[in-house]
Each structure stands twice: as structure tokens, then as C-alpha cells.
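FYI, the numbering for the sequence shown is 1308 to 1663, going by the working numbering.
Accompanying notes for the structure given below.
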Amino acid sequence: MIHGGDIVTYRQRSGRLAQDILDCSANLNPLGVPASVMEALSAAMTAVVHYPDPEQREVKAVLAKRFKVAAETILCANGATEAIDLLTRAIRPKRCLILEPAFGEYEMAALRNGSTVVHIPMHVDTERVDFPWGLIESMARQGDLLWINNPHNPLGIGQPFAAWSSHVEELNRRGVQIVVDESFLDFVAEDNTWTAMHDVASMPHLAVIRSATKVFAMPGVRFGFAIVTSPLAEAIARIRDPWSVSSLAQAAAAAAYRDTVYLEQTHSWLAQEQDFVASTWGRSGLLRVNAPVAPYVLARFADDKAAQQVTLVLERDGIFIRDCASFRGLDGAHRRIALKRREDNERVWKLVMSTL
Ligand SMILES: Cc1ncc(COP(=O)(O)O)c(C=O)c1O
């Protein structure tokens, strides 16, 4: 499975040092790891002589306060990727319904667990997210697991849960399990009103996933979590590795989710860069981009050749973007480009313009 952010390969391919590479292939917060997280990590170093807390008590208390959810409903994991795997293993669906294009790990988890994968196409080159509810409702059967990603990777667009919660309610009534992957929702300032987290208490077949790795720029530490019902929490407790969330990850995540100042800075950075995208990428008649709510742009160039040319020109300058050919439903003309600080976004845009 191809992922973005493969810095070791980029170093080998370009002969550059990591600090001379601008990695726009992974959607990590360019404000960097919060200082509070760095401090928490160094303070936690002395604790590595002990096993991590298998109940992750401190970080769960922080998450419960921040997101106003009950601590017992929180499942901590070694990145959202582990949460995806644990949920699939515990639910044991016969079929996994995946809206394509999609993050590849939904399918990998399904295949590892012997589930049949049903691909449901989404509209891709569109301004507003458009989950195909008619198609979903005609295909979903009791016992299926449906993945919904909001905001969507790689489309970059999203909608508040309230805009489509009636469909999720209907599917719940029919016994279809829904997991909403909100790995990019912390980037959205209206996070608290967009989330599906608060509906888990009233919908027996709903779960929500979050990732700390993108928004706090710490993919190497690995922390993600899910909000789950009690039966699902119990099923997962029976099958999981109790120590998969290291003491460093727990300490880092507790510090990160307490750091509301960093989040405010993130929201104001992203609002400014979204304006920049609208006035540059968004205005060019030579390619199309979705108006993103997430920290990346999905661009469709004139054809595969034009996209390859852009990729080459950027790579010559040490800039790596995400080839989207591995995403079902996208093609060789699509590229996903993570937003960075303004000077980097300007540099990328100028190079792109020079090739069009
Ligand atoms: C939609 C989505 N969900 C989950 C993940 C995995 O995140 P983590 O690094 O926390 O495992 C990614 C990573 O790219 C993603 O794009």
C-alpha cells in the first residue's frame, strides 16, 4: 500500500537531507510538533523503564474533558491505523463498504480479517462533499460495516455530521455498523459542532475515529483514538495488545490535547492558507481543485502528462507531492498537495504555474 510521507525513500531518491526536503505528500501540520508535546516527551523518558498504563488513564481524562465524552467510551490506539484495525477485527463484518477514493487501510484491515470489500464510488471533482446516500442505502445490509471519512482524504472536503446524521440513523436502525473517521477534523475550527462523537451514546452501531498524528505533526509517535459503545469496547479489550500505546505516546497525546493555544494557531494558519489556495489554485482555469476544509489540496491537472511534469519540476526542487494513482476513483492526472507555511505554499504554486 502506498502512503504519503515516505521520507526515507524521498531522501534516497533526491540525495537530499531530510531538512532539505519539503514533504507535501503527507498532511502534517506545518506548525510542527507543539512545544508542550516536546516537553512532555522528554519528561516521560524516565517512565520508559515501566510498562505503559494499559488503561491510558491520564490521556483518557484529558480527552474526556476536551471532547465532552465519557472516559469509558474512549479507545486509545497506536495511531488511527490501529483503531481501524481493532474496530474491523472486533466488529467482524462479512462486508466492508468503502466509499472510494479512500484511505487504503480500511481495505487492508477488511482483507486481513476476511471481509468482502464493496467499493462505492463518490463524486470526486466536486466543490462540496457528496456522500452517495441513495447508493449506500440500496446496498447496505444488516451486519455490514460502512466507512465514512469526514473531512475526506484525499478529497479535502467535508460537512458537519448533522447534515447527514439522518442517513446514519436509518442505517443504524437497519443494523449497519458505521465508523466515521474524523482523522482530519481537529483542523476544522468548528470541530465540536461537526463531530459525530456525541451521537455514539444514542446510536448502537456508530463509532468515531480520531488521529493525533496529523494535527500535532507527530506521526512518528503514533496516537489515535476512537469513541465506541460499551459492547464494542469490551470486544476490543478481549482481542487487543494491552500495551500498544506506549508511555511516550500517552504523555505526548495528553499534552497535545491540553494545548488549546496550539489548536487556535492551527485554525488561524489554515484559514489564511485556504484563502491563499482560493486566490491561486482556485482561480487558475488550467486545473481544478476542490475547495478544501482540510490541510491539503486535491488538484486535477489537464492530463497525466501535465501532472507528471508538475511532479518532476517539484521533485527537482526537493518537493514531494502525493501521486493519487493508488486511490480507486482517481487517476494519473490527480495530485494531493499538503498545505504548508505561506512561503512554502508560494514556492510550490510558482513552480506549478511555471509548468502549466
Ligand atoms: C483518513 C485517514 N485516517 C487515518 C489515517 C491514519 O492516521 P494515523 O497516522 O493516526 O495512523 C490517515 C493517514 O493518512 C488518514 O488519511
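All C-beta atoms in this analysis are idealised placements derived from N, C-alpha and C, irrespective of residue type, glycine included.
{"Asked": "Considering only the beta carbon of each residue, do Glu-1389 and Ser-1551 sit closer than 8 Å?", "Found": "yes"}
{"Asked": "So which of Asp-1624, Gly-1625, Cys-1631, Phe-1627 has the shortest CA-CA distance to Arg-1607?", "Found": "Cys-1631"}
{"Asked": "Can you tell me which of Glu-1571, Arg-1649, Gln-1615 puts its alpha carbon nearest to the alpha carbon of Asp-1493?", "Found": "Glu-1571"}
{"Asked": "Go through the residues and name those whose CB comes closer than 6 Å to any heavy atom of ligand 1, in chain order.", "Found": "Gly-1386, Ala-1387, Thr-1388, Phe-1410, Asn-1456, Asn-1460, Asp-1488, Ser-1490, Ser-1518, Thr-1520, Pro-1526, Gly-1531"}
{"Asked": "Inspect the beta-carbon positions of Ala-1524 and Gly-1339 and report whether they are closer than 8 Å.", "Found": "yes"}
{"Asked": "In whole angstroms, what is the alpha-carbon distance linking Gly-1465 and Leu-1324?", "Found": "35 Å"}
{"Asked": "Please state the DSSP three-state secondary structure of Ile-1516.", "Found": "strand"}
{"Asked": "Where Ile-1391 and Ala-1508 are concerned, what is the direct C-alpha to C-alpha distance, given to the nearest angstrom?", "Found": "20 Å"}
{"Asked": "Quick one: using the 10 Å Cβ neighbour count with 16 as the cut-off for buried, is Thr-1423 buried or exposed?", "Found": "exposed"}
{"Asked": "Only counting runs of 4 or more residues, tell me where the alpha helix (DSSP H) segments fall wholly within the region 1561-1624, in order along the chain.", "Found": "1567-1586, 1611-1623"}
{"Asked": "What is the DSSP secondary structure of Val-1486, reduced to helix, strand or coil?", "Found": "strand"}
{"Asked": "Report the three-state DSSP secondary structure of Gly-1441 (helix, strand or coil).", "Found": "helix"}
{"Asked": "Sort out for me which residues DSSP pairs His-1641 with in a bridge.", "Found": "Arg-1607"}
{"Asked": "Let me confirm a value: Thr-1502 is counted as buried when at least 16 other C-beta atoms fall within 10 Å, else exposed. Which label applies?", "Found": "buried"}
{"Asked": "When every heavy atom of ligand 2 is checked, does at least one fall within less than 7 Å of the C-beta of Thr-1380?", "Found": "This structure does not include ligand 2; its bound ligands are ligand 1."}
{"Asked": "Among all the DSSP beta bridges, which residues are the ones paired with Gly-1279?", "Found": "Given that the chain is displayed from residue 1308 to residue 1663, the structure contains no residue 1279 and the question cannot be resolved."}
{"Asked": "Which residues in the same chain have their Cβ closer than 8 Å to the Cβ of Ala-1467, if we skip the five residues on either side of it in sequence?", "Found": "Ala is not the amino acid found at residue 1467; the sequence shown has Pro there. Excluding sequence neighbours, Pro-1467 sits near Glu-1497, Thr-1500, Trp-1501."}
{"Asked": "Counting only the same chain and skipping the five closest in sequence on each side, list residues whose C-beta sits under 8 Å from that of Gln-1449.", "Found": "Arg-1481, Gly-1482, Val-1483"}
{"Asked": "By DSSP, does Trp-1454 sit in helix, in strand, or in coil?", "Found": "strand"}
{"Asked": "Could you tell me the alpha carbon to alpha carbon distance between Ala-1562 and Thr-1353, rounded to whole angstroms?", "Found": "16 Å"}
{"Asked": "Taking Ala-1347 as the reference, which of Ala-1409, Trp-1454, Leu-1555 has the closest Cα?", "Found": "Leu-1555"}
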